[in-house]
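A quick write-up on the structure given underneath.
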């Protein structure tokens, strides 16, 4: 009787180890550059995960407050609100973009100029509430410039 129990325990540990190894990749990360006296801006990117996880927080040394936000229509008014988590389903690319989900950088410590490299740390929560940090560098683009166009 001990052998089947031992096999089940080993199989269970292997499953937990596999879940803990989820990989999240961030691509096409960019931040909207600011204009004089602007105290907030947005960061945008595409996130893809190998396991069902969620983006639950973000931080950056360039801002005093960093939150994950969602833009939604409320009647005829576009409203922005902080969200507790953004699900990242297995294998599906979730795009953070203007007018949708994004990372909001508020209480900026200094202006962000086009070409600046902005460090971001994303907190990803996976199975069993395990959290990992994902380091992302986003390039600042001129207001209205959006992401670089592919040739």
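In this note's numbering, the protein residues as written are 628 to 778. Glycine residues also receive a C-beta, built at the ideal position from the N, C-alpha and C atoms.
{"Asked": "Assign residue 717 to one of two classes, buried (16 or more other C-beta atoms within 10 Å of its C-beta) or exposed (fewer than that).", "Found": "exposed"}
{"Asked": "Report yes if the C-beta distance between residue 747 and residue 685 is below 8 Å; otherwise report no.", "Found": "yes"}
{"Asked": "What is the DSSP secondary structure of residue 714, counted as helix, strand or coil?", "Found": "strand"}
{"Asked": "Taking a contact to mean a Cβ-Cβ separation below 8 Å, would you say residue 739 touches residue 660 in this structure?", "Found": "yes"}
{"Asked": "Please state whether DSSP places residue 746 in a helix, a strand or coil.", "Found": "strand"}
{"Asked": "When you compare each of 701, 679, 671 to residue 755 by their alpha carbons, which one comes out closest?", "Found": "679"}
{"Asked": "Which of the three DSSP states is assigned to residue 648 in this structure?", "Found": "Model confidence at residue 648 stands at a pLDDT of 45, short of 50, so the residue's coordinates are unreliable and nothing is read from them."}
{"Asked": "If you drop the 5 nearest sequence neighbours on each side, which residues of the same chain put their C-beta closer than 8 Å to that of residue 733?", "Found": "666, 667, 690, 691, 692, 693, 694"}
{"Asked": "How many Å lie between residue 651 and residue 675 at the Cα?", "Found": "6 Å"}
{"Asked": "To which residues of the same chain is residue 770 closer than 7 Å at the C-beta, ignoring the five residues directly before and after it?", "Found": "659, 660, 662"}
{"Asked": "Would you please state the rounded distance, in angstroms, between the beta carbons of residue 696 and residue 709? I believe it to be under 8 Å.", "Found": "6 Å"}
{"Asked": "Tell me which same chain residues have a C-beta within less than 6 Å of the C-beta of residue 759, skipping the five on either side of it?", "Found": "751"}
{"Asked": "CA-CA distance, residue 745 and residue 757?", "Found": "26 Å"}
{"Asked": "Using DSSP's beta-bridge definition, name the partner residues of residue 768.", "Found": "659"}
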